[in-house]
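Reviewing the structure listed below.
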Amino acid sequence: MTLESPRPEPVEGPLRPGWATFFGAPPNLDLKMLEGSIAFLGVPFDAATNDRPGSRFGPAAVRDASMRFRPLKGWYDLDRERDILPGVRLADCGDVDIRTVDLAQNFDTIAAAVRLILNARAFPVLVGGDHSITYPAVRAYGGRPLSIVHLDAHLDYTDEWRGVRFSHDNQLRRTSELPGIQHVAVLGARGIIDRPFVLKEARERGVAIVTALEIIEKGARHALSSLPDLGDYYLTLDIDVLDPSQAPGTGFPEPGGLFYYQLKEVLETVTSKGQAVGFEIVEVTPNFDPWGRTARLAARLILDFLGLALPSGPKKL
Ligand SMILES: [Mn+2]
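According to my numbering, the sequence shown holds residues 248 to 564 in order.
Here it is as C-alpha cells:
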C-alpha cells in the first residue's frame, strides 16, 4: 500500500489489514500528496451535546463499519447499475486532536484541520462527532460563496437559549451567519418543537425548510423541486434525519423520519442542484446501537453521497 495508490491494493494470501481506516483508505496523517483525493477526517467531539452524549465514538464506529465496504475492485451500485468512484483516490487523515472542555480551542483545531485538507486541494469528508462541528468546518472555507444543505430531524437554528450559542442546537444559525453563505436548506425536519419562534426566525431569514412528511408523501424529487440552484454547497447529514428504526444510534432520536431509499433520493436530487465542496455525517452515537446498524448505514451513505456528488472525483477545490 503506498500513498500513490488510488485504493488499497487487494492482497492475495492469508493476511489482510487488522486495523481500520475509512474504507481501507491509506492513512495520510502528514497530508502530503492529497491533491485530488477524498480526504476522510474523524472528529471525535461531543462536548456540545445537550442530551445524550457518545458521538465522540462515531468516527471509530464508522471507520470500523466502513471496512465492510473495503473495495476489492471498486464499488458497484446494483440499484443504479454503475460504478461508485471509479479510480478516485481516498485518504484517511486520522482524527482531529480534540482536547478536554475548551470549546473555542476545539473549534479552532477542527477548522485548522479542515483548512489543511482544503489547502491540499482535497475534498473533506468529516465524520463526527456532534453537530456543532459544522460551524468550525465551514469557517475553514474562509468566506468563499457556498450554500449549506442541512439534512436533519431538527432545525439546529436556535440563536441563543439560556446563554448557549454554540451547541449542536445552534450550529446552523452560527454557520448561516458566516461570510459567503448563500442558500441554506433544512431537509427532513420533523417532530414537536418547544420553541416555535426558532422555526419562524429560520423562515424569516430565508432558510428553505422541507419537512420529512413532505419528502415521504410527495417523494424527494417533487418535494425538493422548489430548491434553488445551490452553486457550491457543503452538505451536512445528521444521522437523525433517518427514522430511528433505521438509525437508533444517535443522541436525539425523533419519531418518523426517512428510510434509506427516501434519503438516497434526497441525495440524488440535491447533488443535481449544485457542486459539493465538502461533506460531513454527524451524530452517529454507537453506544445506543448495540447492533451497529447505524454506523454501517452511515458508512454506506458516505459512499452513496460521494458517488453521486463526485462521480469522477473532486473537481475544483
Ligand atoms: Mn443536528
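From the three backbone atoms N, C-alpha and C, an ideal C-beta is built for every residue, glycine too.
Segment limits, beta strand (DSSP E) that includes residue i
i, result
"T458", "A455 to T458"
"R263", "It is not in any beta strand (DSSP E) - R263 carries neither H nor E in the DSSP assignment."
"G554", "Run containing G554: none in the beta strand (DSSP E); it sits in the alpha helix (DSSP H), R540 to A556."
"D342", "L337 to D342"
"G289", "I285 to V290"
"R396", "Strictly speaking, residue 396 in this sequence is Val, with Arg absent from that position. Segment L393 to L398, the beta strand (DSSP E) holding V396."
"Q493", "Q493 -> no beta strand (DSSP E), and no H or E assigned at all."
"E515", "E515 -> not in any beta strand (DSSP E); alpha helix (DSSP H) instead, spanning Y507 to T518."
"A523", "G521 to V529"
Pairwise C-alpha distance: residue j and residue i
i, j, result
"G435", "D487", "9 Å"
"T516", "Q522", "12 Å"
"G503", "A432", "20 Å"
"L393", "K520", "13 Å"
"V531", "L262", "30 Å"
"L419", "L325", "35 Å"
"A294", "D311", "23 Å"
"G554", "R327", "11 Å"
"P426", "E259", "51 Å"
"V454", "L474", "11 Å"
"L510", "V396", "13 Å"
"D298", "G498", "7 Å"
"H430", "G466", "22 Å"
"I428", "A384", "13 Å"
"L402", "L446", "7 Å"
"A470", "L550", "24 Å"
"D344", "F292", "9 Å"
"F413", "R386", "13 Å"
"Y382", "T405", "13 Å"
"I364", "G560", "15 Å"
"F270", "F316", "6 Å"
"A546", "A400", "19 Å"
"D476", "L332", "24 Å"
"E251", "V374", "Caution applies to E251, whose pLDDT of 47 falls short of 50 and renders its modelled position unreliable; the value that the coordinates give is listed next. Between E251 and V374, the C-alpha separation is close to 23 Å."
"S379", "D416", "7 Å"
"I439", "V372", "31 Å"
"N534", "R346", "21 Å"
"P274", "V348", "28 Å"
"S472", "D277", "42 Å"
Span of the alpha helix (DSSP H), counted from its first residue to its last, around residue i
i, result
"T483", "Counting along the chain, T483 falls outside any alpha helix (DSSP H), though it belongs to the beta strand (DSSP E) covering G478 to D485."
"I380", "Premise fails: I380 is in no alpha helix (DSSP H) and is neither H nor E."
"I428", "Run containing I428: none in the alpha helix (DSSP H); it sits in the beta strand (DSSP E), I428 to A436."
"V445", "P443 to E451"
"F354", "L350 to N366"
"P306", "G305 to S313"
Distance cut-off 7 Å: residue i Cβ against heavy atoms of ligand 1
i, result
"D485", "yes"
"E196", "Outside the modelled stretch of the chain, which goes from 248 to 564, sits residue 196, for which no answer is possible."
"D441", "no"
"H430", "no"
"D293", "no"
"H469", "no"
"D406", "no"
"D399", "yes"
"D536", "no"
"D298", "no"
"D344", "no"
"D403", "yes"
Any non-hydrogen atom of ligand 2 closer than 7 Å to residue i Cβ
i, result
"D490", "No copy of ligand 2 occurs in the structure displayed; its ligands are ligand 1 alone."
Taking 8 Å as the threshold, find out whether the segment 348-359 comes into contact with the segment 263-277 through three or more Cβ pairs.
-> Remark: fewer than three beta-carbon pairs, one from each stretch, lie closer than 8 Å, so the segment 348-359 and the segment 263-277 are not flagged as touching.
The segment 366-376 / the segment 276-294 touching (three or more Cβ pairs under 8 Å) = Yes, the segment 366-376 is in contact with the segment 276-294.
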